[in-house]
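One structure below.
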Amino acid sequence: MYLILVGAPGAGKGTQATVVKEKMGLPHVATGDLFREAQRQGTELGLLAKSYMEKGQLVPDEVTVKMVMERLSAPDCARGCLLDGFPRTLEQARALEQALKGQGKSVAAALYIKVSEGELLRRLSGRWICRQCQAPYHLVSAPPKVKGKCDQCGGELYQRADDTIETARKRLEVYFNQTMPLIDYYRQAGRLKEIDGEHSVEAVGKELLAVLASLEGGKRVRK
Ligand code: AP5
Ligand code: MG
Ligand code: ZN
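Under the working numbering, the first residue of the sequence shown is numbered 4, with each subsequent residue one higher.
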């Protein structure tokens, strides 16, 4: 099963990915995480991505699509995955559809986490992430058990360079202009599932689980 997490910067895609991963047993493919990992390793891709990410702009479609297709061809993605932060443009959505179609597959659902702009900025400005596994935390709403340390792997927590107020605003602008059209794209395809992301991490996770259960139910009915 191929699932997509859609939502603005700070909506909680990375946070809720854990819930989906555990429930569905799918690998988590997050383009932002892949680009940050490439930067950490100092690869050519990492350097290129950095020049866009630090300005809050999207990395060009061609580069992004190539990276994702490589990742999707790995054995662990053969039966599906959870895409987080991809697709982000109509061109990326079409490229994904084409690639899956070629293998007789398709996107089962686009899970859209909806959050208001003020709350997004509050979340981004208080976020800390793990240097090793990239798990997200928040100073107020999701603090780690031990200050500065990741609950999951013990890694050091740091603030992303693109979480400054100026870059966060730019990322939101880019989201509204380039990514919002995807919402209609998946709605028209009958695959959009809206989740109210304004509530607590637990409440949003619960709503997401209910949506996933309805998907599984749908599958059973079709069999
Ligand atoms: P990416 O890393 O994907 O960043 P993003 O889309 O801006 O999304 P975020 O990771 O900021 O937010 P999130 O929804 O994951 O929120 P989180 O769970 O962390 O992309 C970074 C950059 O890479 C892009 O700007 C672009 O340059 C490039 N890029 C990536 N993909 C690309 C693509 N496909 N094409 C081209 N370029 C691409 O939560 C945020 C905070 O809120 C955390 O602190 C968390 O603890 C807290 N929080 C979460 N949920 C709640 C809740 N319910 N209540 C209270 N607090 C909460
Ligand atoms: Mg994220
Ligand atoms: Zn960690």
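For glycine and all other residues, C-beta sits at the position ideal for the given N, C-alpha and C. Since we're looking at a predicted model, the values are computed, not measured.
Can you check whether the CB of residue j is closer than 9 angstroms to the CB of residue i?
i	j	result
Leu86	Ala33	yes
Met27	Met56	no
Val110	Arg194	yes
Ala98	Ile7	no
Ile132	Gly200	no
Ser203	Ser144	yes
Let me know the secondary structure DSSP gives residue i once reduced to three states.
i	result
Leu212	helix
Arg82	coil
Pro139	strand
Lys69	helix
Glu201	coil
Leu75	helix
Asp187	helix
Asp154	coil
Val23	helix
Arg126	helix
Ala111	strand
Since I believe residue j is in contact with residue i (beta carbons under 8 angstroms), could you give me their beta-carbon distance rounded to a whole number of angstroms?
i	j	result
Leu123	Ala11	5 angstroms
Leu127	Gly13	4 angstroms
Leu48	Met70	7 angstroms
His141	Gly151	Their Cβ separation, rounded to whole angstroms, is 14 angstroms, which puts His141 and Gly151 out of contact at 8 angstroms.
Gly88	Gly121	Incorrect: roughly 22 angstroms between the Cβ atoms, too far for contact.
Leu211	Val22	6 angstroms
Short of 8 angstroms in beta carbon distance, which residues of its chain neighbour residue i, apart from the five on each side in sequence? Order them along the chain.
i	result
Asp165	Met56, Glu57, Gly59, Ala171, Arg174
Which same chain residues end up closer than 6 angstroms to residue i when comparing Cβ atoms and leaving out the 5 residues on each side of it in sequence?
i	result
Phe38	Ala52
Lys148	Asp154
Cys84	Leu29, Pro30, Val32
Leu215	Lys26
Arg74	Val32
Apart from the five residues just before and just after residue i, which ones in its own chain have a Cβ nearer than 7 angstroms to its Cβ?
i	result
Ala41	Leu48, Gly49, Ala52
Would you check if there are 3 or more beta carbon pairs closer than 8 angstroms linking the region 156-164 to the region 91-111? no
At a cut of 8 angstroms, does the region 137-145 reach the region 13-23 through at least three beta carbon pairs? yes
Touching by the beta-carbon criterion (3+ pairs, under 8 angstroms), the region 90-100 and the region 182-202: yes
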